[in-house]
Structure formats: C-alpha cells, structure tokens
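Single-structure report; data block below.
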Amino acid sequence: MRRRRASHAPSDPPWGGRSSGACWVRFSEARAAADPAPAIPTLTQASTAERHAAIGSLFVFTAAVAFSGKSVLIKLAYGYGVDATALFALRQIFSAPFFAFLAWWSRNPAAEHAGVTRGDWLRLAGLGLLGYYVAALLDFLGLEYVGASLERLILFLYPTVVLVLSAWWLKTRIRPVQLVALPMSYAGIGLVFFEHLQGQAPGGHLLLGGSLVFASAIAYSVYLIGSSRVVHRFGAVRFTSWAMLAATAAGITQFALTHGVDALRLPLPVYGLAAIMAIFSTVLPAILMSEGLRRVGANQAALIGTIGPVVTMLLSAVFLGERMGPAQIAGSLLVLAGVLLVSLRRGGPPG
59 MRRRRASHAP
69 SDPPWGGRSS
79 GACWVRFSEA
89 RAAADPAPAI
99 PTLTQASTAE
109 RHAAIGSLFV
119 FTAAVAFSGK
129 SVLIKLAYGY
139 GVDATALFAL
149 RQIFSAPFFA
159 FLAWWSRNPA
169 AEHAGVTRGD
179 WLRLAGLGLL
189 GYYVAALLDF
199 LGLEYVGASL
209 ERLILFLYPT
219 VVLVLSAWWL
229 KTRIRPVQLV
239 ALPMSYAGIG
249 LVFFEHLQGQ
259 APGGHLLLGG
269 SLVFASAIAY
279 SVYLIGSSRV
289 VHRFGAVRFT
299 SWAMLAATAA
309 GITQFALTHG
319 VDALRLPLPV
329 YGLAAIMAIF
339 STVLPAILMS
349 EGLRRVGANQ
359 AALIGTIGPV
369 VTMLLSAVFL
379 GERMGPAQIA
389 GSLLVLAGVL
399 LVSLRRGGPP
409 G
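Per our numbering, the sequence shown runs over residues 59 to 409.
What follows is the structure, given as structure tokens:
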C-alpha cells in the first residue's frame, strides 16, 4: 500500500471558517490512502470515479468561495461600529452549536479507551487556542486596518510559512522550485503593499494591519505543524470541533472581561452578518472542504483553491468599493503562482 505524503493546499485557513479545513485534509487523505484502487478499472468504475471527482471538485470550489466571503462580511459588519472582539465572539457563539454537534457525532468510545490521555486533551486545547482563537482574532483585528482583498492575499501565504517553519523545526527539505516560489510570493505581496501605501490616507495604519494579518498566518501555520502530531489520536472531525469549542470559550471570556452588557446592543444587521459568517463561511465550507479533499486530493484542491483570493477581490469590489491597480493585479498573480508552486507536490496524479 502506497503511503501519501501530506500536502497543504492553499485553501483558506480555519480562522475564515477557513477554517477547519487543514485538519480535515489529513483525515481525508489518510482515509483515501487506505482504499487501494482496482488494478483494472471497468467502464462503470471509471464513470463512477469521474462523477466522484466532479462532485469533489464542486465541493472544494463551493468551500473556497464560501471561505472567501468571510473578510467581506467582517468589513461590512465593521461599518456598523462593532469592534473585532465583539464580532469574533458573536461568530464563535453562532458556530458553537454546530461544532458541539460534530464533536458529539464524531465521538469514539473505543478510541477514548485506547489511549487518549489528559496530556492529549491539554495539547488539543492549546492548539485550538492558537489556531482558532489567537490566529482568528489577529485576523479580525487586522481587518480593522486593511482591505478584504489585501487580507486574503496575506493569509494565502500561509503554506509558505508552513514550508519555512517545517524546514527550520522538522528539518524537511525545500525543493529548488520552492526556493524560487518563496521570493516570488513575497515580491508579489510587496507590490500590492506598495500600491496600497501610495493611496493610503494620512494617519492610515496599513503596515499595522498587514502585520496583524501576517501574524495570524504565522500562528495558524504553527497550529498546523503542531496538530499534525496530535490529530490522529482523536480523528480530524473530533479534534477540529473540540479545538473550535476551546477557541469559543476563550473568545467569550475575553468579551466578558473587556466589554459590558451594553456592547451587545448592536444593530440587527451585525447579528445577521455574524450568523451568516458562522454558518456559510465557517461550518459549511469546513464540511464541504473535508468531503472534497477526500474525493479529489490535495493537489487538485490546491488548484481549485486559487479561486479564493480572486473571489474575495471581486466581492470586495462589488460590496466594499475596493479597486485594484496594475501593480496590485501583478502582485496578486505572483502570490497565487508562488503559493501554488509551494503547495503542489511534484509528479503523480492529484491527491
């Protein structure tokens, strides 16, 4: 049986609702690797496989589009005067019942008795706080200062951060093509930043916002590397659900400590936007991405996932009035190409 090497597809990270897809990647690929293909497929089997792949591609595409709307929803909510902490807490509250159900649904008493220790639970909680609380809140804070399209491009760099951190901590080898892709990606971000700085109003905080979003990408990348050694003990669905619930507890606690009851007297559209964000840009795309990855594999998902930043740019132009100049378009293309080169495996079929 041929083992498949894990690959990080540049789909949006779980803080966008983004959010839980990376843990589900490992679960989906492991399950796919456990089912060897027949040596001589029949026409019926080939037709079934094509439908299977088509459905998987549709799932990944839908998830990428849904994840991409998160930044725009946040910016729209900020227009009503809500701050990042309150909006983050609302998003977590609305999504918590769904993740609580998934945690219950994915429970496995046999696995529980097989060796999940208190230390494992503590590591799960710590990783959940890092990946779904710290990373997500930094992203929400960054969006107070930068546009949705720029935020999405910066977050899209997270596979490059994983690559560098893995080479540093785990001594993994960086391929020559990836050595080219890394400066390509960051040169692209530099171009986009340069054009944004030229049009920044006096007193703007573009660098602060960009730094917060990039710190979010770093935090999520550390979460990815750490969770890869723990998630198999729980199962991906259960791990992600409990990690998100830990982040929810932290978000609600922070809100309670920093805001009074009056902070909940928000315009009704804020609650509507938070609910839409929780369901359609967090829970639903996480499930769709999981099922899509199981059907098409990480390489194909990486290709489809490049639609994410493009969709965010289009939505930002329509709903937020954001515009992109030539340098921003060129920089965005460099980022997309660089991240794809970092993320895609060399040779072999997708998955």
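Yeah, the Cβ is synthetic: ideal placement off N, Cα and C, and Gly gets one too.
Give the DSSP-derived three-state secondary structure of residue 166 in the structure shown. coil
Could you tell me which whole alpha helix (DSSP H) segments of length 4 or greater appear in the stretch 136-195? 142-163, 167-171, 176-186
Would you give the residue range spanned by the alpha helix (DSSP H) that residue 425 belongs to? No answer is possible for residue 425: it lies beyond the span of the chain, which begins at 59 and ends at 409.
Quick one, which of 119, 366, 354 has its alpha-carbon nearest residue 108's? In terms of Cα proximity to residue 108, the closest of 119, 366, 354 is 354.
State the CB to CB distance for the pair residue 213 and residue 142, rounded to an integer number of angstroms; the pair is presumed to be in contact (CB under 8 Å). Actually they do not touch by this definition, with Cβ atoms about 15 Å apart.
Backbone secondary structure at residue 367 - three-state DSSP: helix
Which of the three DSSP states is assigned to residue 216 in this structure? helix
Length of the line joining the Cα atoms of residue 396 and residue 245: Answer to the nearest angstrom: the Cα atoms are 10 Å apart.
Quick check: what's the CA-CA separation for residue 191 versus residue 316? 16 Å
Do the CB positions of residue 311 and residue 153 come within less than 8 Å of each other? Not a contact, by the Cβ cut-off of 8 Å.
Three-state class that DSSP yields for residue 395 in the structure shown: helix
Can you tell me whether residue 210 is buried or exposed, with buried defined as 16 or more other CB within 10 angstroms of its CB? Flag for residue 210 reads buried.
On a Cα-Cα basis, can you pick out the residue from 129, 294, 218 that is closest to residue 278? 218
Checking 8 Å against the spacing of the C-beta atoms, do residue 331 and residue 201 come in under that value? Against a cut-off of 8 Å, the Cβ pair of residue 201 and residue 331 comes out as no contact.
Using a Cβ-Cβ cutoff of less than 6 Å, which residues in the same chain neighbour residue 199 once the five nearest sequence positions on both sides are dropped? If the five residues before and after residue 199 are omitted, its C-beta is found closer than 6 Å to the C-beta atoms of 142, 270, all from its own chain and listed in chain order.
Under a Cβ-count criterion, where at least 16 other Cβ atoms within 10 Å of its own Cβ denotes burial, should residue 281 be classed as buried or exposed? buried
Would you say residue 157 and residue 346 are within 8 Å of each other, going by their C-beta atoms? no
Under 8 Å between the Cβ atoms of residue 215 and residue 275? Yes, the Cβ-Cβ distance between residue 215 and residue 275 is below 8 Å.
CB of residue 268 within 8 Å of CB of residue 251, strictly: yes
Mapping the DSSP letters down to three states, classify residue 380 as helix, strand or coil. coil
Is the CB-CB distance between residue 118 and residue 399 below 8 Å? no
Neighbour-count burial assignment, residue 125, 16 or more Cβ in a 10 Å radius: With a threshold of 16 other beta carbon atoms within 10 Å, residue 125 meets it and is buried.
Report the residue from 308, 322, 343 whose alpha carbon sits nearest the alpha carbon of residue 193. 308
Closest residue to residue 166 among 360, 291, 184 (Cα-Cα distance): 291
Ignore the nearest five residues each way along the sequence and tell me which others in residue 254's own chain have a CB closer than 7 Å to its CB. 208, 264
Please give the ranges of any alpha helix (DSSP H) in the stretch 289-329, keeping only runs that are unbroken, at least 4 residues long and fully inside the region. 289-292, 294-316
In angstroms with no decimal places, state the Cα-to-Cα distance between residue 248 and residue 393. For residue 248 and residue 393, the distance between alpha carbons rounds to 10 Å.
Alpha helix (DSSP H) containing residue 284: first to last residue? 264-285 is the extent of the alpha helix (DSSP H) around residue 284.
Could you compute how far the alpha carbon of residue 163 sits from the alpha carbon of residue 299? 10 Å
Rounded C-alpha distance that separates residue 243 from residue 113: 31 Å
Would you kindly check if the distance between the Cβ of residue 326 and the Cβ of residue 130 is under 8 Å? no
Once you ignore the five residues that flank residue 334 on each side, which residues in its own chain have a CB closer than 7 Å to its CB? 131
Using a 10 Å radius around the Cβ and a threshold of 16 neighbouring Cβ atoms, would you call residue 150 buried or exposed? Buried, since its Cβ has 16 or more Cβ neighbours within 10 Å.
Straight-line Cα distance separating residue 174 from residue 389: 46 Å
C-alpha distance - residue 159 paired with residue 295, whole-angstrom precision: 11 Å
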